[in-house]
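Residue numbers (my numbering), protein chains in the order written: chain A, 986 to 1322; chain B, 986 to 1322.
Here a beta-carbon is modelled for each residue, glycine too, at the ideal position from N, C-alpha and C.
Since the model is a prediction, treat every value here as computed from it, not as a measurement.
Report on the following structure.
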DNA sequence: AATATATGCTTAAACGTTTAAATATAAAAA
DNA sequence: TTTTTATATTTAAACGTTTAAGCATATATT
């Protein structure tokens, strides 16, 4: 790899000190009253040598890398991919680059990723925290590192977070199905202590309670796993036990997709055999045999808010915000062809 | 943000020079013959102060950031998201972190992203080059920056690249449809000079030629756009003009998805009205009314190979590799429920 | 006793920037 | 003329590491 040209090379070529070059390269020639001729010469030399500033050196000196770290569960998951894209764009506009890492919903991996990003001196972090990472998040608080949690948070940690009104998400979905006349409404959720899930479960149970329907019978809390097989086994057990299910709500995108694979494989018809409401939407929802209903998260807005909040923090704000955005129930009609 | 603890803080606390601390922190205490007692004291102090190395300072000194830059068209696109994930994992194993940027298939944006990553001194780059970025890629060659192109390349630039045998991809798809008895086989592709597309088109036309079928009539080369509306307009014009199409091949994932939206909206039946072969697969393909056939790219293998090639380059290899991997035609049966 | 070797540690430069402070010169004001 | 002010530039330290080179001291070898 070619030796990169530095500010020193330009200084030598023009015959001035590095300070002047630095001033000019940063557009501070007026403020620092650099001679007009000198400015021109420096500009020309920079051009000729094809100078590119070394952001690493700059970062070290300034104590800021203009980089933000993004910890997602899995960048390959379209929901997180979409989120990452919005973060990227917003960060870019604000002059930041994003470094990312996938935690795989695993606390050990999460710790690794977090350490890596911190060692790389990211100025701030956006974290989708996995189960069992309270300590890690508390560590960020202790370090006074600017960061905001997204999608989930911990009740025991007072920090910035932006989440969906998860309760409302499943609540409106359940109510909708109840009003439609269903009584045997199942919810498939992950067995976890993470609030986004417990809230989604609560939204469901409360809606059922209110309607005077048993709210425990059709609740499937299954263990998280990366393997579809594991999901399938748990789900089959549940489904076989309750062959009278009239409607199914899925508590997140992954569960929705997995459920659809199962449903498809087992020749269960939507609608007909069961009604279905998923989470987050996406291409598979649109292109399924019939368009599928789902709980929509305002992901664009959330992404924008997250970055805005973080940049405020990085600019010195000390306000702690807990932002909760509203979901929207998107009901799709049966296709007539 | 708390002042980070540095090697100097540890040195001061223990009462030794920073050099010793550095040696110990890098596990070179044997080689550099640091006293046993001192090692212990340094370790303890590092623990107590919760020392985390500053990778930025390290990078500046060593001239290597242990970072690789990834330029994709759009991280929100599942194909690229999946690829990014593989790259991330492989890079992580090799001790690298990945910084990414989306080029949006736009040369201006690509230049920005590339510059940003270069200024951040990435040790190497993985680039999915957009149209009109030959100059940028040539720039990398001139700088002797280790990089490898993925998915596409430029005939005029001799550099490392890993691509699919694109010709073969559409060729086997077309042959399959011909053998099935179709003669009016359409290909929807992007109008671009990028080889991955031109090769996919060539694979299609050659297969048709060989079968003695007119190979221009049913070829739709449409302009790339981020808007579905634009796609729809071009596609509709094409479809209306050729209402006798028997089968449709889509030249990449985005086109496949867009086509499916159109097909669905216009009540065209797969199979029945037309046969369909898409590109890259994914959840929408599996969950469509009937499972859809597609040309599969060995993306895992490609991702692994890309990172392997790049790490070799970063470790000083000067070999230029052009790797081409085989696609696989995945034919799906009609669902019987 | 003189020399060589081993052990343990320090010094200081370097990486490429930024920037406060100092310096030098010219022009304006006293 | 001397002093002040404005203009143009340099100096040098700092950011947190790594590492070659040097310096003591103790022990082993002649």
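Below 7 angstroms on C-beta distance, what does residue 1121 of chain B contact in chain A? As a first step, residue 1121 of chain B is located in the second chain; it is residue number 136 there, counting from the start. Near residue 1121 of chain B there are no residues of chain A at all, since even the closest Cβ is about 13 angstroms away, more than 7 angstroms.
Would residue 1171 of chain B and residue 1196 of chain B qualify as a contact pair, given that the criterion is a beta-carbon distance under 8 angstroms? As a first step, residue 1171 of chain B is located in the second chain; it is residue number 186 there, counting from the start. As a first step, residue 1196 of chain B is located in the second chain; it is residue number 211 there, counting from the start. It is not a contact, given that the beta carbons lie outside the stated cut-off.
Based on Cα-Cα distance, which residue from A:1140, A:1025, A:1069 lies nearest to residue 1033 of chain A? What you label residue 1033 of chain A is simply residue 48 of the first chain in a count that begins at 1. Looking at the Cα atoms, A:1025 is the closest of the given residues.
DSSP state of residue 1233 of chain B, grouped into three classes? Position 248 of the second chain, counting from 1, holds the residue named residue 1233 of chain B. Strand, per DSSP.
Taking C-beta pairs closer than 9 angstroms, name the residues in chain A that residue 1247 of chain B reaches, listed in chain order. Here residue 1247 of chain B corresponds to residue number 262 of the second chain, with the count starting at 1. Chain A residues near residue 1247 of chain B: none, gap ~11 angstroms exceeds 9 angstroms.
Nearest-angstrom Cα distance between residue 1313 of chain B and residue 1239 of chain B? Here residue 1313 of chain B corresponds to residue number 328 of the second chain, with the count starting at 1. Here residue 1239 of chain B corresponds to residue number 254 of the second chain, with the count starting at 1. Taking the straight line from one Cα to the other gives about 18 angstroms.
Hey, residue 1202 of chain B and residue 1176 of chain B: beta-carbon distance below 8 angstroms or not? Working through the second chain from its first residue, we reach residue 1202 of chain B at position 217. Working through the second chain from its first residue, we reach residue 1176 of chain B at position 191. No. Outside cutoff.
Within the same chain, show all residues whose beta-carbon is closer than 7 angstroms to that of residue 1143 of chain A, passing over the 5 residues directly before and after it, in chain order. To locate residue 1143 of chain A, count along the first chain from 1; it is residue 158. So the list reads 1305, once near-sequence residues are dropped.
Who are the near neighbours of residue 1085 of chain B in its chain, counting only those whose CB is closer than 8 angstroms to its CB and skipping five residues on each side? Residue mapping note: residue 1085 of chain B aligns to position 100 of the second chain, counting from 1. 1054, 1055, 1056, 1057, 1060, 1069.
For residue 994 of chain B, which residues in the same chain have their Cβ closer than 7 angstroms to its Cβ, ignoring the five residues on either side in sequence? Locating residue 994 of chain B in the second chain gives position 9, where the first residue counts as 1. Excluding residues within five positions, the ones whose Cβ falls inside 7 angstroms are 1034.
Do the stretch 1235-1252 of chain A and the stretch 1223-1240 of chain B make contact, defined as three or more Cβ pairs closer than 8 angstroms? no
Should residue 1309 of chain A go down as buried or exposed, given a rule of 16 or more other Cβ atoms within 10 Å for buried? Working through the first chain from its first residue, we reach residue 1309 of chain A at position 324. Looking at its Cβ environment, which holds fewer than 16 other Cβ atoms inside 10 Å, residue 1309 of chain A is exposed.
Taking only runs of the beta strand (DSSP E) that begin and end inside the stretch 1023-1066 of chain B, which ones reach a length of at least 3 residues, in chain order? 1052-1057
If the criterion is Cβ atoms closer than 8 angstroms, does the pair residue 1099 of chain B and residue 1037 of chain A meet it? Position 114 of the second chain holds residue 1099 of chain B. Position 52 of the first chain holds residue 1037 of chain A. Not closer than 8 angstroms, so no.
Starting from residue 1111 of chain A and walking both ways along the beta strand (DSSP E), at which residues does that stretch end? Looking up residue 1111 of chain A in the first chain gives position 126. Counting along the chain, the beta strand (DSSP E) containing residue 1111 of chain A begins and ends at 1109-1112.
Of all the beta strand (DSSP E) runs that stay within the bounds of the stretch 1091-1175 of chain B, which reach a length of 3 or more residues? 1109-1112, 1132-1135, 1146-1149, 1170-1175
Between A:1028, A:1087, A:1039, A:1148, which lies nearest to residue 1294 of chain A when the distance is taken from Cα to Cα? Here the question's residue 1294 of chain A lines up with position 309 in the first chain. For residue 1294 of chain A, the nearest C-alpha among the options comes from A:1148.
Taking Cβ-Cβ distances shorter than 7 angstroms, what residues in chain B pair up with residue 1045 of chain A? Locating residue 1045 of chain A in the first chain gives position 60, counting from the first residue. Ordered by position in chain B, the residues that pass the 7 angstroms Cβ test against residue 1045 of chain A are 1041, 1042, 1045.
Straight-line CA distance for residue 1043 of chain A to residue 1000 of chain B? As a position in the first chain, residue 1043 of chain A is number 58, starting the count at 1. As a position in the second chain, residue 1000 of chain B is number 15, starting the count at 1. C-alpha separation (whole angstroms): 30 angstroms.
Do residue 1124 of chain A and residue 1156 of chain A have their C-beta atoms within less than 8 angstroms of each other? Mapped onto the first chain, residue 1124 of chain A falls at position 139. Mapped onto the first chain, residue 1156 of chain A falls at position 171. It is not a contact, given that the beta carbons lie outside the stated cut-off.
Identify, in the order they occur along the chain, each residue of the same chain with its Cβ nearer than 8 angstroms to the Cβ of residue 1141 of chain B, setting aside the five sequence neighbours on each side. Translated into the one-based positions of the second chain, residue 1141 of chain B becomes position 156. If we look at residue 1141 of chain B and ignore the five residues flanking it on each side, its Cβ neighbours are 1119.
Looking at chain A, is there any beta carbon in it that lies within less than 8 angstroms of the beta carbon of residue 1137 of chain B? As a first step, residue 1137 of chain B must be located in the second chain, where it is residue number 152. No, residue 1137 of chain B lies away from the interface with chain A (no Cβ there is under 8 angstroms from its Cβ).
Segment limits, alpha helix (DSSP H) that includes residue 997 of chain B: Here residue 997 of chain B refers to the residue found at position 12 when the second chain is read from its first residue. Element bounds for residue 997 of chain B: 992-999.
Spatial distance of residue 1137 of chain B from residue 1062 of chain B (CA atoms): Counting from one through the second chain, the residue named residue 1137 of chain B turns up at place 152. Counting from one through the second chain, the residue named residue 1062 of chain B turns up at place 77. Cα-Cα distance, rounded: 16 angstroms.
In terms of alpha-carbon separation, which member of B:1307, B:1272, B:1251 lies closest to residue 1322 of chain A? The residue labelled residue 1322 of chain A in the question sits at position 337 within the first chain. Considering only alpha carbons, the answer is B:1251.
Determine the contact status of residue 1050 of chain B and residue 1041 of chain A, defining contact as a CB-CB distance below 8 angstroms. Residue numbering aside, residue 1050 of chain B sits at position 65 when the second chain is read from its first letter. Residue numbering aside, residue 1041 of chain A sits at position 56 when the first chain is read from its first letter. Yes, Cβ-Cβ distance for residue 1050 of chain B and residue 1041 of chain A is below 8 angstroms.
Is it true that the CB of residue 1131 of chain A sits closer than 8 angstroms to the CB of residue 1010 of chain A? Here residue 1010 of chain A refers to the residue found at position 25 when the first chain is read from its first residue. Here residue 1131 of chain A refers to the residue found at position 146 when the first chain is read from its first residue. No.
Residue 1073 of chain B touches chain A at which residues, Cβ-Cβ below 8 angstroms? Residue numbering aside, residue 1073 of chain B sits at position 88 when the second chain is read from its first letter. The answer, in chain order, is 1060, 1085, 1086, 1087.
Residue 1122 of chain A classed as buried or exposed, judged by whether at least 16 other C-beta atoms fall within 10 angstroms: Stepping through the first chain from its first residue, residue 1122 of chain A is reached at position 137. Flag for residue 1122 of chain A reads buried.
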